[in-house]
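Everything below concerns the one structure shown next.
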Ligand SMILES: Cc1cc2nc3c(=O)[nH]c(=O)nc-3n(C[C@H](O)[C@H](O)[C@H](O)COP(=O)(O)OP(=O)(O)OC[C@H]3O[C@@H](n4cnc5c(N)ncnc54)[C@H](O)[C@@H]3O)c2cc1C
């Protein structure tokens, strides 16, 4: 049985690591000639870190990043609207939530591959599903595989070629991400703060001794230069202008926010979708990569035990409802976090503050709890 993973993002790499660990041979094909980190930093929540624990990588990843003790939603002046004490979950799940530079994480995962399975510069340009799945690469190479796992992101060519038409949604929000060379005041060292202003948001978190990962979202498609960005966030706490101004131009970039409207099924014959290819979500809950990492764990377990039809059906029934729920919750969170009307903003902040802590904990636990793989195997 020969297996191809298309795409060496966080989802594809984690799947390859699990399959290797389970002794299942796999080849992974990536279009880029070098692995470029998509984005600047990333938060790996407790669910992702529990999965990395299964791979024996939890301690190393925690040490490469910055473990967090709280995630705060605040006003633009840094007044707390909601504080999530992540230490509660550290105890419950025996894992931290970690902020890390994407490049560092991806390089680490690649270095952990045991076999020579990663093929760079292999862009898939055509695909035909069949008893033997035919994959055509841009360098003229054509190969067949028994199983294809499409981990090729939101615009997945495999999904577009082999599945019925899917809908990419655009919430009309643009995102800036960057890495700033600055040291935050001590009190922010283990916190992620996301500030909600008028029609915009700004988040920042320490990822290494003197680096801060930040993201800024605003409700439009306008291209902004660094100076526009500084002007746009001038009403925010001064920490924002400090973080933006200490960011070199080549360490900041703008991208559109998109998601994939939940699709009816993640597999067809011997072809299966994983990560953003299956369930790309808006970044509002910081769960896109975490969900891809959960997928990797489950799909590889089932592939190692069953024929593809059973493996994929078990994978979908264990994973799809949760991933779809996150896509949906994240979409709704995106609209309430960037409300412009001052009255509705005040009401929203009041309502969020009034949510009992117990309820918040229960909701987060639902997301961080991994599926009970071994009872469902
Ligand atoms: C602003 C923002 C912030 C985010 N923050 C977080 C966060 O804090 N925590 C979190 O968990 N998630 C976060 N996410 C989501 C996260 O980035 C994605 O969900 C995650 O990267 C998806 O991983 P993936 O491996 O499925 O896909 P991708 O990362 O998109 O990787 C797909 C890979 O496939 C390759 N590829 C594509 N097409 C082809 C082809 N034709 N042939 C060969 N290779 C191909 C690509 O080059 C790429 O390497 C954020 C997203 C955004 C936009």
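In the numbering used here, the protein residues as written are 40 to 416.
Just so you know, even glycine gets a beta-carbon here, dropped at the ideal spot from N, CA and C.
All values reported here derive from a predicted model rather than from experimental measurement.
| query | result |
| --- | --- |
| Are there three or more Cβ pairs, one per stretch, closer than 8 Å when the stretch 298-312 is compared with the stretch 175-194? | yes |
| Measure the C-alpha to C-alpha separation of residue 41 and residue 88 and round it to an integer number of angstroms. | 29 Å |
| In angstroms with no decimal places, state the Cα-to-Cα distance between residue 297 and residue 126. | 31 Å |
| Among the candidates 119, 139, 364, 72, whose CA atom is the shortest distance from the CA of residue 301? | 364 |
| Determine the DSSP secondary structure at residue 236, reduced to helix, strand or coil. | coil |
| Helix, strand or coil: which one does DSSP assign to residue 253? | strand |
| Given residue 55, which residues of its chain have a CB within under 7 Å of its CB, disregarding the five upstream and five downstream residues? | 44, 65, 67, 152, 156 |
| Looking only at its chain, what residues have a beta carbon closer than 6 Å to the beta carbon of residue 171, apart from the 5 residues adjacent to it on each side? | 183 |
| Measuring only the C-alpha atoms, how far is residue 270 from residue 236? | 14 Å |
| If I measure Cβ to Cβ from residue 383 and keep anything under 8 Å in the same chain, skipping five residues before and after, which residues do I get? | none |
| Looking at the strands, I want to know which residues DSSP matches up with residue 294. | 214 |
| Alpha carbon to alpha carbon, how far is residue 96 from residue 304? | 31 Å |
| Any heavy atom of ligand 1 closer than 7 Å to the beta-carbon of residue 69? | yes |
| If contact is defined by three or more beta carbon pairs under 8 Å, each pair taking one atom from either stretch, is the stretch 161-176 in contact with the stretch 199-212? | yes |
| Report yes or no: do the stretch 208-215 and the stretch 251-267 share at least 3 C-beta pairs separated by less than 8 Å? | yes |
| By the DSSP assignment, the beta strand (DSSP E) with residue 170 in it spans what residues? | Note, residue 170: premise wrong, no beta strand (DSSP E); not H, not E. |
| Just reading off the alpha helix (DSSP H) that residue 329 is part of, what are its end residues? | 327-344 |
| Under DSSP, the beta strand (DSSP E) around residue 152 begins and ends at which residues? | Counting along the chain, residue 152 falls outside any beta strand (DSSP E), and DSSP gives it neither H nor E. |
| Relative to the C-alpha of residue 221, which residue among 136, 249, 280, 371 is closest? | 249 |
| Report the rounded CA-to-CA distance for residue 74 versus residue 376, giving the unit in angstroms. | 33 Å |
| Kindly indicate which three-state DSSP category residue 165 falls into: helix, strand or coil? | strand |
| By the 10 Å Cβ neighbour count, where 16 or more other Cβ atoms means buried, how is residue 348 classified, buried or exposed? | exposed |
| What are the boundary residues of the beta strand (DSSP E) that includes residue 113? | 109-114 |
| Out of curiosity, what's the CA-to-CA distance linking residue 402 and residue 330? | 16 Å |
| Considering only their Cβ atoms, is the gap separating residue 115 from residue 275 smaller than 8 Å? | yes |
| Which partner residues of residue 105 appear in the DSSP bridge assignment? | 138 |
| CA-CA distance, residue 273 and residue 51? | 40 Å |
| With DSSP collapsed to three states, give me the class of residue 241. | strand |
| Which whole-angstrom value describes the C-beta separation of residue 286 and residue 108, a residue pair presumed to lie in contact below a C-beta threshold of 8 Å? | Their Cβ separation, rounded to whole angstroms, is 25 Å, which puts residue 286 and residue 108 out of contact at 8 Å. |
| How big is the Cα-Cα spacing for residue 58 and residue 299? | 27 Å |
| Taking its Cβ as the centre, do 16 or more other Cβ atoms sit within 10 Å of residue 350, making it buried, or is it exposed? | buried |
| Can you find the residues in the same chain that come closer than 7 Å, C-beta to C-beta, to residue 60, ignoring five residues on each side of it along the sequence? | 94 |
| Evaluate residue 154 with the Cβ neighbour count: other Cβ atoms within 10 Å of its Cβ, from every protein chain shown; 16 or more gives buried, anything less gives exposed. | exposed |
| Which same chain residues, not among the five before or five after residue 357, have their C-beta less than 8 Å away from its C-beta? | 337, 410, 412, 415 |
| Provide the residue span of the beta strand (DSSP E) that contains residue 80, from first to last. | 80-83 |
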